[in-house]
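Inspection log for the structure reproduced underneath, given as structure tokens.
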Amino acid sequence: MPRPTYTQEQIFQIYDRINLPSKWRLDLEEAKKGSSGDQALEYLTVLKRYTLANVPFENAELHYSRNQIIDIHPQILFQKIVTQGTGRGGYCMENNAFFGTVLRSLGFKIMSTGDHSMWYGFAHMINIVTIKDVRYMVDVGFGAGGATRPLPLEDGKIHLNIKPEHSVRLRYDTLEDFENPTSKVWILEKRMADDKPFLPNYCFPDNVEFLPADYMVMNQFTSTNKRVFFTQIVIAVKHILSEDGEEIVGDTVLMGNRLHRRVHGKKEDLGTLDSEGQRVEALEKHLGIRLSEMQRYGILGMQSMIGG
Numbered sequence: 269m270p271r272p273t274y275t276q277e278q279i280f281q282i283y284d285r286i287n288l289p290s291k292w293r294l295d296l297e298e299a300k301k302g303s304s305g306d307q308a309l310e311y312l313t314v315l316k317r318y319t320l321a322n323v324p325f326e327n328a329e330l331h332y333s334r335n336q337i338i339d340i341h342p343q344i345l346f347q348k349i350v351t352q353g354t355g356r357g358g359y360c361m362e363n364n365a366f367f368g369t370v371l372r373s374l375g376f377k378i379m380s381t382g383d384h385s386m387w388y389g390f391a392h393m394i395n396i397v398t399i400k401d402v403r404y405m406v407d408v409g410f411g412a413g414g415a416t417r418p419l420p421l422e423d424g425k426i427h428l429n430i431k432p433e434h435s436v437r438l439r440y441d442t443l444e445d446f447e448n449p450t451s452k453v454w455i456l457e458k459r460m461a462d463d464k465p466f467l468p469n470y471c472f473p474d475n476v477e478f479l480p481a482d483y484m485v486m487n488q489f490t491s492t493n494k495r496v497f498f499t500q501i502v503i504a505v506k507h508i509l510s511e512d513g514e515e516i517v518g519d520t521v522l523m524g525n526r527l528h529r530r531v532h533g534k535k536e537d538l539g540t541l542d543s544e545g546q547r548v549e550a551l552e553k554h555l556g557i558r559l560s561e562m563q564r565y566g567i568l569g570m571q572s573m574i575g576g
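The numbering of the sequence shown is my numbering, which starts it at 269 and goes up by one.
See below:
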């Protein structure tokens with residue numbers, strides 16, 4: 269069955285949502301040529317960069333709503349992220365399902381796969397895009413510490429992620445928990461400075477495609493299991509663009525009742541949030557997320573409520 273795609277009109281609405289520069293606002297016919305041409309990687313990189321900077325990684329739906337239900341159908345995500353006009357994003361399966369649909373609509377050769385986190389089983393999603401026979405890992409749903417550009421599936425190559433020293437790499441290796449020593453996966457690792465060790469973020473299988481039904485199962489677990497941190501704490505992350513728009517320079521992070529910003533490796537503590545009113549205000553002021561009065565009532569009585 270063909271996967272869902274977005275229409276020409278929807279794609280231009282998405283361009284507006286992510287503030288994409290006019291140079292890259294291709295119609296579907298132009299995009300299908302551009303997604304396989306000489307500028308395909310640059311096109312993909314720009315789309316990813318502007319999505320990271322304008323669509324936050326956040327789990328407010330699990331705390332500021334009456335039903336705490338996350339729906340990852342592409343049209344539901346389009347309504348939430350684009351037409352709703354409230355600065356919303358989503359957590360990993362929301363943002364990557366949305367972005368994957370964008371890329372598919374634009375003609376990129378794409379598949380998605382599930383990621384095994386270092387704490388749970390398969391609980392994350394990424395997209396794999398192939399350009400001129402080179403496969404790239406593309407993730408817009410990891411939050412702080414994730415890759416800010418498409419990463420080629422190359423074993424051990426180090427990439428500068430955010431200046432001056434935040435680096436990432438992919439390793440193709442086995443895991444300590446594997447019983448079969450010949451089983452290997454791609455492992456995404458990060459380090460915050462050159463004198464720090466690389467630490468794992470997640471791992472994913474080589475050339476194994478996940479289907480929408482697989483993500484329905486994964487989404488059910490990550491959005492409802494009380495042992496998963498998504499259900500325990502409010503999280504929001506938004507990346508920061510350089511003034512010329514050519515690179516990601518940092519991010520703003522809300523974690524529970526703490527707020528900070530990191531730019532070029534320097535962390536600025538923006539304070540502790542002492543009430544729900546302060547957190548709602550911080551979500552809008554620092555991350556662009558606007559919650560309705562009804563959504564704000566949704567957190568009343570929950571474990572994640574400040575002062576609850």
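Each residue gets a CB set at the ideal place from its N, CA and C atoms; glycine is no exception.
| Check | Outcome |
| --- | --- |
| When PRO270, ILE503 and HIS507 are compared against ASN525, the one with the closest alpha-carbon | ILE503 |
| Which listed residue (ASP423, GLN500 and GLU447) has its alpha carbon closest to that of LEU456 | ASP423 |
| Reduced DSSP category for LYS464 - H, G, I as helix; E, B as strand; rest coil | coil |
| Member of LEU559, VAL476 and ALA412 whose CA lies at the smallest distance from the CA of PHE325 | ALA412 |
| First through last residue of the alpha helix (DSSP H) which encompasses PHE366 | 360-373 |
| Distance between LYS452 and VAL370 (C-alpha atoms, nearest Å) | 30 Å |
| Local conformation of TYR565 per DSSP, three classes | helix |
| Stretch pair the segment 308-328 + the segment 283-297: three plus CB contacts closer than 8 Å | yes |
| Minimum C-alpha distance to PRO289 - residue among GLU277, HIS434 and ASN322 | ASN322 |
| Reference ASP339; option with closest CA among SER572, MET361 and ASP407 | MET361 |
| Beta-carbon proximity check, PRO342 vs PHE376, cutoff 8 Å | no |
| Endpoints, the alpha helix (DSSP H) within which ASP537 is located | No alpha helix (DSSP H) contains ASP537, which is instead part of the beta strand (DSSP E) from 534-540. |
| When ARG271, GLY302, ALA299 and TYR332 are compared against ARG564, the one with the closest alpha-carbon | TYR332 |
| Separation of VAL521 from GLN536, as counted between CA atoms | Here residue 536 turns out to be Glu, not Gln, going by the sequence shown. Rounded to whole angstroms, GLU536 to VAL521 spans 10 Å at the Cα level. |
| Short Cβ contact (8 Å threshold) for GLY414 with ASN469 | yes |
| The beta strand (DSSP E) enclosing THR520, as first and last residue numbers | 516-523 |
| Own chain partners of THR354 with C-beta closer than 6 Å, once the 5 adjacent residues on each side are dropped | ARG558 |
| Simplified DSSP assignment, three categories, for GLU457 | strand |
| Sheet register partners of ARG439 (DSSP bridge) | ILE455 |
| Anticipated Cβ contact below 8 Å, GLY513 with ARG530, distance rounded | Contact flag wrong, Cβ pair sits at about 19 Å. |
| Backbone CA spacing between GLU477 and GLY545 [nearest angstrom] | 43 Å |
| Nearest residue (CA-CA) to THR499, options THR490, HIS507 and VAL505 | THR490 |
| Selected residue, minimal CA-CA separation from GLN571, among HIS554, ILE501 and GLU515 | ILE501 |
| Run of the alpha helix (DSSP H) containing MET484, from where it starts to where it stops | 480-492 |
| Own chain partners of MET379 with C-beta closer than 6 Å, once the 5 adjacent residues on each side are dropped | ILE396 and GLU477 |
| Contacts around VAL350, its chain only, beta-carbon distance under 7 Å, and the 5 residues preceding and following it disregarded | GLN281, ILE282 and ARG285 |
| Limits of the unbroken alpha helix (DSSP H) element including ARG356 | Unbroken run through ARG356: none, as it is neither H nor E. |
| Cβ neighbour criterion (16 or more within 10 Å) applied to PHE472 | buried |
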